[in-house]
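To start, the structure under review is shown below, and the notes come after it.
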Amino acid sequence: MAFRWTSAIVVAILTGWGGSWPLALGFRWGFEEEPTPRPRAPPTAEVACGTLKGSWEKGVAAFRGIPYGKAPLGQRRFKPSEPAACWESGSVLEVAKNGPICFQGKGGPGRFRSFEQFVGLAGDEVESEDCLNLNVFAPEKAKDLPVFVWIHGGSSVEGHVGWDFYGPLDNIVRRHPSIVVAMNYRLGVLGYLALKELSAVDPRKGSGNAGITDQQLAMRWVQENIHAFGGDPNRVTLIGQSSGGTGIHAHLASHSSRGLFHGAISMSGSPNITMDRATKEAQDRAMLLPHTPCAGMSESKLLDCLYTADAAELDGALPTSYSEPETDAPVLDYPTNKDGLGSRMHCLVFVDGETITMPLLDALRMGLNDVPLLLQSTQAELDSPNKAALWDVWSRKDFGPFLHKNFDKAYGAEAVEKIRKFYDKYEPPQYGIFALDSDTAFACGLRRCAMAAGEGFRSPVYWSTVTSMPESTVAFMWELPFHGWDIIAAVGNWDSFGYTPGEKDLAFSERILGDWYQFLTQGDITDRGYAPVQATKASENVIGNDVGETKTSVRPNHKHDVCEFWESIGVDQRWWMIN
Numbered sequence: 000m001a002f003r004w005t006s007a008i009v010v011a012i013l014t015g016w017g018g019s020w021p022l023a024l025g026f027r028w029g030f031e032e033e034p035t036p037r038p039r040a041p042p043t044a045e046v047a048c049g050t051l052k053g054s055w056e057k058g059v060a061a062f063r064g065i066p067y068g069k070a071p072l073g074q075r076r077f078k079p080s081e082p083a084a085c086w087e088s089g090s091v092l093e094v095a096k097n098g099p100i101c102f103q104g105k106g107g108p109g110r111f112r113s114f115e116q117f118v119g120l121a122g123d124e125v126e127s128e129d130c131l132n133l134n135v136f137a138p139e140k141a142k143d144l145p146v147f148v149w150i151h152g153g154s155s156v157e158g159h160v161g162w163d164f165y166g167p168l169d170n171i172v173r174r175h176p177s178i179v180v181a182m183n184y185r186l187g188v189l190g191y192l193a194l195k196e197l198s199a200v201d202p203r204k205g206s207g208n209a210g211i212t213d214q215q216l217a218m219r220w221v222q223e224n225i226h227a228f229g230g231d232p233n234r235v236t237l238i239g240q241s242s243g244g245t246g247i248h249a250h251l252a253s254h255s256s257r258g259l260f261h262g263a264i265s266m267s268g269s270p271n272i273t274m275d276r277a278t279k280e281a282q283d284r285a286m287l288l289p290h291t292p293c294a295g296m297s298e299s300k301l302l303d304c305l306y307t308a309d310a311a312e313l314d315g316a317l318p319t320s321y322s323e324p325e326t327d328a329p330v331l332d333y334p335t336n337k338d339g340l341g342s343r344m345h346c347l348v349f350v351d352g353e354t355i356t357m358p359l360l361d362a363l364r365m366g367l368n369d370v371p372l373l374l375q376s377t378q379a380e381l382d383s384p385n386k387a388a389l390w391d392v393w394s395r396k397d398f399g400p401f402l403h404k405n406f407d408k409a410y411g412a413e414a415v416e417k418i419r420k421f422y423d424k425y426e427p428p429q430y431g432i433f434a435l436d437s438d439t440a441f442a443c444g445l446r447r448c449a450m451a452a453g454e455g456f457r458s459p460v461y462w463s464t465v466t467s468m469p470e471s472t473v474a475f476m477w478e479l480p481f482h483g484w485d486i487i488a489a490v491g492n493w494d495s496f497g498y499t500p501g502e503k504d505l506a507f508s509e510r511i512l513g514d515w516y517q518f519l520t521q522g523d524i525t526d527r528g529y530a531p532v533q534a535t536k537a538s539e540n541v542i543g544n545d546v547g548e549t550k551t552s553v554r555p556n557h558k559h560d561v562c563e564f565w566e567s568i569g570v571d572q573r574w575w576m577i578n
């Protein structure tokens, strides 16, 4: 408690000692409490539905849990999202805390289980179908600032706006004058189930991709309301990682997303958006429906069951491939015939013809949504917690038998020998598996997408790979530039992993976020050392080549030989990572 001299003491000092007043007056001791500073008024914003009241978080105006869509309950389940109802006229909606999160499936891919000790998956958040809400972060006195719209990852079955894996997105606002918006959207079965019975009652005449319609609704909300927070609706860049990047690819392939964004940064997103509606409906009937409480229902009873079944049980109806720990090598299940899919994950995001209009490569070639585009991945996408097991069991002598087992029958001994020459040169030899997985799952697919966009876009297109490694092992598991290292470093999400960044880590963080910020504001990062992609030549922009290295260098037509080889033997987009 603070104290100060009273006025009586001051008067006594000035007059009592002068003899004109009794000295005793000067000894009316008293202490008064300093007046408590008036609390700062919380930030407010006048949006289309009325007034929002947020909170100040370390100098940033934070508005959390803003409803943008109606709860998709009952017969609205599985259908496209609808705008949220406005609150009572004249009232103020308090939005100082994160809203409910969407149901999180079965806990997501097994590879995430190993770091639950560092980053919570659902934590204390409330899971609910009434989860269509978003967060907005803005600096004080913002005016006409560019806007990042963040789409979280999690293999389309988990994740939310407050997920510890991604950390404090508001750090972006503190470091660069911008607005950041992040939304929750439906996941797993509730977000992506496609069946002919659902298609018959869907206004799109096709079911599935409900989670993508949620993202579109949130993007429309941004267009209508972001000016109230000091944002410019004409400078909106989508940014997402993993399945968040896949969502961005979906918007690039969607007629209904046109005009809702003006730039796109996709980190480690799946380039494999190829499955058609008929295949998806058949797949879901065979692989998802049997795991639900509605298994075995007659056609006449199926819809009622799907509308009334427990949401948690429905969203847990994922194949075991989503929850089994990844302890084998490699991460991918390689098909033994040319018609197989290259990922053991069940396909969720697909070409329904309405929400996602066409396959991604086709959309890029025709320039369906021609905006500045940055496609980025990391050097060791599949460096993951299964590495410890791989390290114990894998050696160079295992490489040949592995190749013969997975490739010989479908592609022949000659192809196997070529594959061995590409990947048996790494030291230690385990890195060869990471390189093979990363090339076939991500790098070659993103290279092909970049070249397709280079053919169809007038806007700049960039393809980059992060090779800058952490200075020390992150969370006792990762020492290479792993899946997610770029966004973790850019945001400065060190605390969630118990990681103390070194000087080179901090320099890398500044470099990569600076690249993204210039991309946000200018749509062009050529003067930061990046080379745009051309239709016939995909120059890879390499960010770093050592621990914490921040320099961007260009490798012209990089991976041409290895990626063209894979495609020549039939290891094409069907093998690219999905979701």
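The opening residue of the sequence shown carries number 0 in numbering that gives the first Met the number 0; numbering runs sequentially from there.
Heads up, the beta-carbon is just placed ideally off N, CA and C, and yes, glycines get one too.
Under the three-state DSSP convention, the category residue i falls into
| i | result |
| --- | --- |
| W565 | helix |
| V235 | strand |
| D213 | helix |
| K536 | coil |
| A451 | helix |
| F580 | A question about residue 580 goes unanswered here, because the residues of the chain that appear run from 0 up to 578. |
| W612 | For residue 612 there is no data in the structure shown, the boundaries of the chain being 0 and 578. |
| V172 | helix |
| S376 | strand |
| N336 | Residue placement at N336 cannot be trusted, given a pLDDT of 40 that sits under 50; what the coordinates show is reported in the next sentence. Looking at N336 - three-state DSSP - the assignment turns out to be coil, as it is neither helix nor strand. |
| M266 | strand |
| D283 | helix |
| D303 | helix |
| R37 | coil |
| I487 | helix |
| T439 | helix |
| Y425 | coil |
| P138 | strand |
| V415 | helix |
| W462 | strand |
| I542 | strand |
Whole-angstrom distance between residue j and residue i, CA atom to CA atom
| i | j | result |
| --- | --- | --- |
| A249 | L359 | 7 Å |
| Q74 | D369 | 36 Å |
| K536 | R554 | 11 Å |
| T464 | W515 | 14 Å |
| V312 | H175 | This sequence places Glu at residue 312; Val is not what is there. Going by the C-alpha atoms only, they are around 42 Å apart. |
| G104 | S127 | 12 Å |
| D407 | C562 | 19 Å |
| V179 | D143 | 13 Å |
| A581 | I511 | One cannot answer for residue 581 here, as it falls past the ends of the chain, which runs 0 to 578. |
| L363 | P371 | 12 Å |
| D361 | D213 | 24 Å |
| N405 | G411 | 10 Å |
| L505 | A488 | 8 Å |
| V200 | V532 | 43 Å |
| M296 | D303 | 10 Å |
| A449 | W86 | 44 Å |
| P428 | G569 | 25 Å |
| Q521 | R395 | 47 Å |
| N233 | W220 | 13 Å |
| Y165 | K558 | 30 Å |
Proximal residues to residue i (C-beta, below 7 Å), its chain only, five neighbours per side dropped
| i | result |
| --- | --- |
| K417 | F564 |
| K96 | R63, G64 |
| G205 | S198, R276, D351, G352, E353 |
| Q240 | G152, M266, S267, G483, I486 |
| I524 | Y461, D514, Q517, F518 |
Whole-number beta carbon distance between residue j and residue i, since they are thought to touch under 8 Å
| i | j | result |
| --- | --- | --- |
| R188 | L317 | For clarity, residue 188 is Val in the given sequence; the question names Arg instead. Right, their Cβ atoms sit about 7 Å apart. |
| M576 | F441 | 6 Å |
| E93 | K52 | 5 Å |
| G190 | S154 | That pair is no contact at about 12 Å. |
| F228 | A84 | At roughly 21 Å, the Cβ-Cβ gap does not stay under 8 Å, so F228 and A84 are not in contact. |
| L479 | Q375 | Not a contact, Cβ separation roughly 16 Å. |
| L259 | L367 | About 13 Å; that fails the 8 Å criterion. |
| G207 | A193 | 3 Å |
Below-9 Å beta-carbon distance, residue i vs any chain D residue
| i | result |
| --- | --- |
| P459 | Among the protein chains of the structure shown there is no chain D, as only one such chain exists. |
Cβ shell of residue i (< 6 Å), same chain only, five flanking positions each side left out
| i | result |
| --- | --- |
| S90 | none |
| D560 | none |
| P66 | A83, N132 |
| I225 | V146, P232 |
| L585 | The chain is shown from 0 up to 578; residue 585 falls before or after that span and cannot be answered. |
Residues near residue i by beta carbon distance below 8 Å, same chain, minus five either side
| i | result |
| --- | --- |
| R527 | G513, D514, Q517, T551 |
- [ ] Identify every run of the alpha helix (DSSP H) within the region 65-94, keeping only runs that are complete inside it and at least 4 residues long; order them along the chain.
- [x] Counting only unbroken stretches of 4 or more residues, no alpha helix (DSSP H) element lies wholly within the region 65-94.
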